[in-house]
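Asks:
So, in structure tokens, the structure goes:
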């Protein structure tokens, strides 16, 4: 039968906004696991107590940003437009159906006047991470560190070329000290400190000078930022540092690791890609008594020539032995921290492997070995262990997944903000939103039952003892009578409620054999 829907667009109904939001909506899950009132304590010194106009609630301002980053909305203007028509967003902010939503420029002005130059956003990120730790969701036994590029809001054709001074390596003083110790151990004079100013030419964006030109492999050249990030084995972000895209990953490794140690303590193992596989970083990891999980890196030797690993290093005599069993002796340690080993040209002149060994006109083979090369070799040995293989394999499931979600689901494939400080604020809030979303979803799944099953866990130990002591001997008898009995030998926290139901059902079956009364109760 054909029927026509009556127009109810102008119908007046008495309804609360809480009734219109689905019970399993993401924002309901988030509101259930965290109390945002902690934001008041963070911003109380940014507002006057008894002067000026009444402000927009600071919790509302932060929640608006969380809505933007949780659902990957590209701009704050678009976010406000969505909030006006989305009942769930209004419910999350505590606004009624007809209440006026703040103007899209409100947060920008509050950022300029109150939040700029503060660590409020970092504290918000830390607070949410602490909540995840408190619930036992963070497992920082293994930590995964990497970086990803985010396109800047800058025209790649509008730039100026500038000559700037190269930044000294952060570990330069440590390296120079180690070099002089090594030279003295070999009977060489210490190197004198020479103040040399090295320069390089860089492209500086006219639109966003804080960004850096990205020129990596076959990727399109553009101005971008790098998000140096660490996460745990469950995908919770533990720390992030934002730099220009032309800053190498290894430069920021120590700062990221310090953030991790400050928030969750020292990890057991760290998985990094080939960009971090250099002597100083591996020395840092080993000095902290952490296990490095690193990938295989192909030798950078020309095709047709023997690889470096074919020359055996003798640590006791501090020399190299070539495939023809000839000795390459120590010569010196240079300013870059490399020991030089040189062969005897008289023996190399008529060597049958010389064409595959060296093209030197003086018939001399030279091998360079960093003073911290031993840490690299130790990491190579550990790379073959089952534990390191397993940890490194999880990179694609953890840190790579974090970057993929950040770009595809949370709107950070490119940024509309400009300046390193604003990008740091955005990075903190985006990763805080990701942690919050994961925490809310996991706790919702664990807490679907109205009963807190963890409170019943002591009962399971007693139940297991009763089952194993009194009922297990009856298995043979029950089996002869064809009774299907589900006996659980190991009770786990994860499935404890289900196991309780199985055990109760089994007890009912057993009692029925002996004609004992059972009182039925509704679950």
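Numbering (this note's numbering), first residue to last: 657 to 1179.
Built from N, CA and C at the ideal position, the CB exists for glycine as well.
Starting from residue 880, follow the beta strand (DSSP E) in both directions and report where the run begins and ends.
Replies: Residue 880 -> beta strand (DSSP E) spans 878-887.
Asks: For the segment 797-804 against the segment 724-731, do three or more pairs of beta-carbon atoms, one drawn from each stretch, fall closer than 8 Å, so that the two count as touching?
Replies: no
Asks: Across the segment 678-685 and the segment 697-713, are there enough close Cβ pairs to call them in contact, namely three or more that are closer than 8 Å?
Replies: Judged by Cβ distances under 8 Å, the segment 678-685 makes no contact with the segment 697-713, as fewer than three pairs qualify.
Asks: For residue 887, collect the residues of the same chain with a Cβ closer than 7 Å to its Cβ; drop the 5 residues on either side in sequence, then sort them by chain order.
Replies: Cβ neighbours of residue 887 beyond the five flanking positions: 800, 893, 894, 1054, 1055 and 1058.
Asks: Under 8 Å by Cβ, that's how I've got residue 1095 and residue 1061 pegged, so tell me the actual separation to the nearest angstrom.
Replies: Going by Cβ atoms, the distance from residue 1095 to residue 1061 rounds to 14 Å, so no, they are not a contact pair.
Asks: Short of 7 Å in beta carbon distance, which residues of its chain neighbour residue 663, apart from the five on each side in sequence? Order them along the chain.
Replies: none
Asks: Taking only three categories from DSSP, how would you classify residue 1013?
Replies: In this structure, DSSP gives residue 1013 a helical state, which the three-state scheme calls helix.
Asks: Can you confirm whether the segment 918-932 touches the segment 947-966 when touching is taken to mean that 3 or more C-beta pairs between the two stretches lie within less than 8 Å?
Replies: Below 8 Å, enough C-beta pairs join the segment 947-966 and the segment 918-932 to call them touching: three or more.
Asks: As an exercise, report each continuous beta strand (DSSP E) stretch of at least 3 residues that is fully enclosed by the segment 766-828, in chain order.
Replies: The DSSP assignment places complete beta strand (DSSP E) segments of no fewer than 3 residues inside the segment 766-828 at 798-807 and 815-821, in order along the chain.
Asks: When DSSP builds the beta bridges, which residues end up paired with residue 1024?
Replies: 996
Asks: Bridge partners for residue 927 per DSSP, in chain order?
Replies: 800 and 949
Asks: Can you give, in chain order, each stretch of the beta strand (DSSP E) that sits fully within the segment 715-745 and has at least 3 residues?
Replies: The segment 715-745 contains no whole beta strand (DSSP E) run of 3 or more residues.
Asks: Within this structure, are the beta carbons of residue 861 and residue 814 separated by less than 8 Å?
Replies: yes
Asks: In whole angstroms, give me the CA-to-CA distance for residue 774 and residue 1081.
Replies: C-alpha separation (whole angstroms): 10 Å.
Asks: Ends of the alpha helix (DSSP H) at residue 940?
Replies: 935-943
Asks: Distance, Cα to Cα, residue 977 vs residue 1032?
Replies: 19 Å
Asks: Which term fits residue 970, buried or exposed, when burial requires 16 or more other beta carbons within 10 angstroms of its beta carbon?
Replies: exposed
Asks: Rounding to the nearest angstrom, what Cα-Cα distance links residue 983 and residue 999 in this structure?
Replies: 6 Å
Asks: Spatial neighbours of residue 961 within its chain, please: C-beta separation below 6 Å, excluding the five flanking residues on both sides.
Replies: 1012
Asks: Less than 8 Å separating the beta-carbons of residue 1042 and residue 1009?
Replies: Their beta carbons are not under 8 Å apart, which means residue 1042 does not touch residue 1009 by this criterion.
Asks: Assuming contact is defined by CB atoms lying nearer than 8 Å, are residue 967 and residue 1027 in contact in what I supplied?
Replies: Cβ distance not < 8 Å, so residue 967 and residue 1027 don't count as in contact.
Asks: Judging by CA-CA distance, which residue of 693, 1005, 661 and 940 is the nearest neighbour of residue 826?
Replies: 940
Asks: Quick one: grab the DSSP three-state call for residue 686.
Replies: helix
Asks: Reducing DSSP to helix, strand and coil, say where residue 1067 ends up.
Replies: Of the three classes helix, strand and coil, the one that applies to residue 1067 here is coil, per DSSP.
Asks: Have a look at 1001, 1025, 798 and 796 and flag the residue whose alpha-carbon is nearest the alpha-carbon of residue 1019.
Replies: In terms of Cα proximity to residue 1019, the closest of 1001, 1025, 798 and 796 is 1001.
Asks: DSSP on residue 711, reduced to helix/strand/coil?
Replies: coil
Asks: Mind checking which residues open and close the beta strand (DSSP E) that includes residue 895?
Replies: 893-900
Asks: Identify, in the order they occur along the chain, each residue of the same chain with its Cβ nearer than 8 Å to the Cβ of residue 834, setting aside the five sequence neighbours on each side.
Replies: 993, 1027 and 1028
Asks: If we ignore side chains and look at the alpha-carbon of each, how far apart do residue 797 and residue 779 end up?
Replies: 23 Å
Asks: Tell whether a beta-carbon distance below 8 Å holds between residue 889 and residue 1050.
Replies: yes
Asks: Assign residue 752 to one of three DSSP states: helix, strand, or coil.
Replies: Three-state result, residue 752: coil.
Asks: Could you pull out every residue in the same chain whose Cβ sits closer than 7 Å to the Cβ of residue 783, ignoring the five residues on either side in sequence?
Replies: 694
Asks: Should residue 718 be labelled buried (16 or more other beta-carbon atoms within 10 Å of its own) or exposed?
Replies: buried
Asks: Quick one, are the C-beta atoms of residue 869 and residue 879 less than 8 Å apart?
Replies: yes
Asks: Residue 734 to residue 721, Cα distance in whole Å?
Replies: 11 Å
Asks: Taking the alpha helix (DSSP H) that residue 1097 belongs to, which residues open and close that run?
Replies: Run containing residue 1097: 1076-1102, per the alpha helix (DSSP H) assignment.
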